[in-house]
Amino acid sequence: MTDDRPDPAHDDSPHILSAQGREGDEGADGDAASGGDDDFHAFWADVVADEIEARHPDDPIVIKGGVSPSGVAHLGNFNEIIRGYFVAEVLRERGHEVRQVFTSDDKDPLRKLPRKLANADGEIVGLGEVDAGALGRNLGKPYTSIPDPFGERESYAAHFAALLKADADRLGIPVEMVSNTELYADGAFDDVTRTVLSDLDGVREVLAQYQDKVDDEYVPFNPVCSECGKITETVTAIDLDAETVTYVCTDMDVGDNTIEGCGHEGTATFREGKLPWRLEWPGQWDVLGVDFEPFGKDHAEGSWPSGVDVARNVFGIEPPVPMVYEWFTLNGAPLSSSAGNIVTVPELLELLEPAVLRYFFALHPKKARDLDIERLDQLVDRFDRFERAYFGEVDDEDLTAFAERAYPFVVGRVDDPPTEPPVRLPYTFAAVLGMVDDPALRERLARDEGHIPSDASETVVEAALARVEKARNWAERTANEYDYRLQTDLPETDFDDDVAAALDDLADFVAAGHDGEAIQAEMYETAREHDIEVSEFFSAGYRLFFDDTQGPRLGEFLGELERDYVVARLRREA
RNA sequence: GGGCCGGUAGCUCAGUUAGGGAGAGCGUCCGGCUUUUAACCGGACGGUCGGGGGUUCGAAUCCCUCCCGGCCCGCCA
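Taking this note's numbering, the leading residue of the first sequence gets 802, the next gets one more, and so forth.
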């Protein structure tokens, strides 16, 4: 065949979760696995699993993700782990042995200084908080050769990889971290590298279809300079028998800047360098035997087609089953660490349960979603509804079908799915409870509102109330309409005489012993008797108890508090 | 400019597998909880399913075309 360009045939489309991708794969596989891929699946991971099974891969099935260690392990990076996880779990449930790996592409050179970094706790810090000068001197070196800016791990790369691994642990996702640098150092890449350098003409012919810079001189191997430690780009000779190359450490163009080479001329083994990305990625597929890999939409039209080509025509392997996922936005804007529009897993886990976060990623990967922190309550509500649907409590056929399949995976209990629905406080109600500190009072309020069944065990109550801390953090973080806090000390006040008199009357009423409902009604009554605006009277109450102008339904709230405290506070005594 | 992927109510999203009733939650508005103050309950309002054309008895769903958004089409990853 003499096609002038690669033919993006349907069966190589990475969009297997789109209508078009599905249409294309029908005839291509011949007969499908016994399950048949004509079956409808409410959960996308089953569609992917069908696709993988149709290739009859050997166990263990290998699922991979990977990123280059930038400065911050943010939630977007987590796509690379958790989307593969759902597929891995589905395959395990179908009886396969699955190995999920994550490659830290840590032999890549640091090309520019990151503006933000994440410390060992996952908190975002500016470049100013670390030794930026030391980082700057390491431009051009592999991430694994750069010291950890926080001085804890053996390298910059190790620091970053540890962050992602910790995130995976927090969400209960077993993933095997693989250092790309180690793959080279251990010789795992030897065969791949030899294959590439043995057939330079063939490799160039393939690559030239995708990269303009590939000419007759181009050598797709980047040795590490033995003198200055930087990744170099100029190979002058190859010795296949000795498995070495000779190189000159020349300057490297990086965007508008240049990283200076040291001019050293030296020799490097195949293990002392790396392949460029377009070869390295399919090389990883070969070395690790990858059967499935999800990737962001930026790879869909760039490296994927070339990767398919390289896999088949350079390494002689079939590429893995691909899956393109859409990027999500954060608070309506693209994720950007330099712009500070970033959120990490630990940050998010202060605001919601792991299951809710897992649910977010269980939604269809092809939809661009917005993670809106201000309206996190909506996400949690959707999760709660999804959960109720699993237990057959929602009149929605489609949602129920999705929930029945996906819920056990979302809560990580495929083998022993819950049989009873957990008690869930509505998220915004949990935020209301967050206005008070006393756990007993929180429980009483929740019971009064009917959110906790009367026969609930202590364990159940505790589990339900755990959400209060999350919602409380959310209210504080967003400074939203639930960000009120019951004042233990008397706030500064400045009331008119008639307001003060009304407060005294209300204090007497409370002291006489009435429930919340009565207090609520009495507030209207008292305001009228003293000829003051109801709103003004409520404002006074909110000032006294929350040091604010607004708050929750006050009368019923006060009815739950310690009577002496309420009376004293209404009298401005304490 | 070309390719790919998206576009359903104010917001967040189901529904497209297999053509047949346009839906949910939230928000808004109105009402209830003995009389404005965010927790609870009920109801209503709200959409040319991005536009247009075609196939069909029938289209959010299939086909064509156009519009809008994102990504890719240098290097890097």
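Cβ atoms here follow ideal geometry from the backbone N, Cα and C, with glycine treated the same way.
Just so you know, the alpha carbons of Ser1258 and Val1157 end up roughly 23 Å apart.
Under the criterion of beta carbons closer than 8 Å, Val976 and Ala969 qualify as touching, at roughly 5 Å.
Assigned with DSSP and collapsed to three states, Lys1075 falls in strand. Annotation for Gln901: the continuous beta strand (DSSP E) segment containing it runs 899–905.
In this structure, the alpha-carbon of Leu1345 lies about 14 Å from that of Met1236. Going by DSSP, Asn981 is part of the alpha helix (DSSP H) stretching over 981–986.
DSSP, reduced to helix, strand and coil, places Ser1137 within a strand of the structure shown.
Straight-line measurement puts the Cα of Glu1006 at about 21 Å from the Cα of Gln1085. DSSP places Thr1327 within a helical segment (H, G or I) once states are collapsed to three. With contacts defined by Cβ atoms closer than 9 Å, Glu898 and Pro861 form a contacting pair. Annotation: Ile1118 to Val1088 spans about 11 Å, alpha carbon to alpha carbon.
With respect to the 9 Å criterion, Ser1139 and Gln1010 are not classified as neighbours on the basis of their beta carbons. Linking Arg1278 to Asp813 through their CA atoms gives a straight-line distance of about 45 Å.
If you draw a straight line from the Cα of Ile817 to the Cα of Val888, it is about 13 Å long.
Taken through DSSP and simplified to helix, strand or coil, Asn1274 comes out as helix. Positions of the alpha helix (DSSP H) runs, each at least 4 residues long and wholly inside the segment 1278–1347, are given as 1298–1312, 1317–1330, 1335–1347 in order along the chain. Distance from the CA atom of Ala1202 to the CA atom of Trp845, rounded to whole angstroms, is 12 Å.
Between Leu1080 and Val997, the beta carbon gap of about 6 Å places them in contact (Cβ cut-off 8 Å). For Leu1131, the secondary structure class from DSSP, reduced to helix, strand or coil, is strand. Secondary structure note for Ala1069: it is in no alpha helix (DSSP H), and the uninterrupted beta strand (DSSP E) holding it is 1066–1070. The closest CA to that of Val1224, considering only Phe1192, Ala1207, Glu1102, Asp1216, is found on Phe1192. Runs of the beta strand (DSSP E) spanning 3 or more residues and lying entirely within the segment 877–958 occur at 899–905, 917–919, 925–927, in chain order. Around the beta carbon of His1252, 16 or more other beta carbons sit within 10 angstroms, so the residue counts as buried. Its chain contains Val1224 as the residues whose beta carbon lies nearer than 6 Å to that of Val1261, once the 5 sequence neighbours on both sides are disregarded; these appear in chain order. Rounded to whole angstroms, the gap between the alpha carbons of Ala935 and Asp1197 is 58 Å.
Listed in chain order, the non-local C-beta contacts of Pro1135 below 8 Å within the same chain comprise Trp1128, Asn1142, local neighbours out to five positions each way being set aside. Asn880 is not a Cβ neighbour of Pro1123, given a cutoff of 9 Å. Under DSSP, the beta-bridge partners assigned to Thr1059 are Asp1054. Taking the Cβ atoms as the reference, Phe1071 lies roughly 16 Å from Glu1034, outside the contact range of under 8 Å.
Around Gly1314, the same chain offers Arg1364 as residues with beta carbons nearer than 8 Å, after the five sequence neighbours per side are excluded. Beta-bridge pairing by DSSP links Tyr1191 to no other residue. Our two residues, Tyr1366 and Ala1241, have alpha carbons roughly 16 Å apart in a direct line. The Cβ atoms of Ala933 and Val873 do not sit closer than 9 Å to each other. Taking each of Ala1276, Leu1246, Ser1336 in turn and checking the Cα distance to Leu1266, the smallest one comes out for Leu1246. Straight-line measurement puts the Cα of Ala1169 at about 16 Å from the Cα of His1100.
Of the residues assessed, Asn1058 falls on the exposed side of the cut-off, its CB having fewer than 16 other CB atoms within 10 angstroms.
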